[in-house]
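Everything on this sheet refers to the single structure shown next.
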Amino acid sequence: MNVTLVTAIALLAVWGILVFALHAGSGPVQLLYAVGVVLLARRILLGAPKFLS
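Okay, here's the thing in structure tokens:
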């Protein structure tokens with residue numbers, strides 16, 4: 003797992019907790035969802051980076 007995938011999963015988990023458990027469903031909370039989905043899509047489309055050193 004790389005940093006992008008871990009960050010995306012963490013942001014989506016925090017978003018889920020804020021929206022469904024704490025009922026904070028508007029404003030900046032939705033930015034967590036947007037950034038999490040973008041990072042997840044980036045990870046799926048680009049794949050894991052290949053470090054050639």
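Take the sequence shown: its letters are residues 3 to 55, numbered as in our numbering. C-beta atoms are modelled at their ideal positions from N, C-alpha and C, and glycine is treated no differently.
Annotated three-state conformation of Leu41 is helix, per DSSP. For Leu34, the three-state secondary structure derived from DSSP is helix.
A direct Cα-to-Cα measurement between Leu20 and Gly27 gives close to 7 Å.
Assigned with DSSP and collapsed to three states, Ala26 falls in coil, not helix or strand.
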